[in-house]
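*Asks:* Let me give you the structure first, and then I'll get to my questions.
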Amino acid sequence: MVDENHILGFGYDTEVNQWGGTVNGGLKISMFDVSNVNKPKETFTEVIGKSGTYSELLYNHKALMFSLNKGLMAFPVNRTADNYKSDFSGAYVYNVSSNSISLKNTITHKETEPGFYGDNIKRIIYIGDYLYTFSENEMQVHSISTNNKVNELI
Numbered sequence: 271m272v273d274e275n276h277i278l279g280f281g282y283d284t285e286v287n288q289w290g291g292t293v294n295g296g297l298k299i300s301m302f303d304v305s306n307v308n309k310p311k312e313t314f315t316e317v318i319g320k321s322g323t324y325s326e327l328l329y330n331h332k333a334l335m336f337s338l339n340k341g342l343m344a345f346p347v348n349r350t351a352d353n354y355k356s357d358f359s360g361a362y363v364y365n366v367s368s369n370s371i372s373l374k375n376t377i378t379h380k381e382t383e384p385g386f387y388g389d390n391i392k393r394i395i396y397i398g399d400y401l402y403t404f405s406e407n408e409m410q411v412h413s414i415s416t417n418n419k420v421n422e423l424i
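271 is the number of the first residue of the sequence shown in our numbering; add one for each residue after it.
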């Protein structure tokens, strides 16, 4: 919940195929205005990647870092491109308010081509003015204000 009138939803963008079934597309973020609970309105939507894009957030709410006070949210993403090949693995960081969501930064622990499981970011937390991202292989610290990596522990 962003505030008493706005909620966030996470899922897959879907399409109806030629046979009437559904096909998952990319990871979808939606903001809903629920000031009239009988007529919720989708006020914002963004789709990350293509079919095959995945986030642990879809199955585990603990994967979402959300701070209303900081106007910030972040979550892990394994993004897939048009060719069904992974083209990014890391975290997406967003600025969030009741009337907008905007991508602030992306963070990755991968030094080379995506695909090695141990480098997938699993959790994001903040302490003070820093974001901490955790994978099985390392922890990184990023400044919230500048987006710069300031430290890492491998």
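Here a beta-carbon is modelled for each residue, glycine too, at the ideal position from N, C-alpha and C.
(1) Using the C-alpha atoms, what's the distance from valine 420 back to serine 413?
(2) So, do the stretch 302-315 and the stretch 273-282 have three or more beta carbon pairs nearer to each other than 8 Å?
(3) Compare the beta carbon distance of asparagine 417 and lysine 380 with 8 Å and say whether it is the shorter of the two.
(4) Give me whichever residues DSSP pairs with threonine 350 in a beta bridge.
(5) As an exercise, report each continuous alpha helix (DSSP H) stretch of at least 4 residues that is fully enclosed by the stretch 271-315, in chain order.
(6) What separation, rounded to the nearest whole angstrom, lies between the Cα atoms of lysine 309 and asparagine 390?
*Replies:* So, from the data block:
(1) CA-to-CA, the gap between serine 413 and valine 420 works out to about 7 Å.
(2) Segments in contact, yes.
(3) Taking 8 Å as the cut-off, the beta carbon of asparagine 417 is found no closer than this to the beta carbon of lysine 380.
(4) Residue pairing by DSSP places threonine 350 opposite Ser356 in a beta bridge.
(5) Listed in chain order, nothing qualifies, since the stretch 271-315 has no complete alpha helix (DSSP H) run of 4 or more residues.
(6) Rounded to whole angstroms, lysine 309 to asparagine 390 spans 38 Å at the Cα level.
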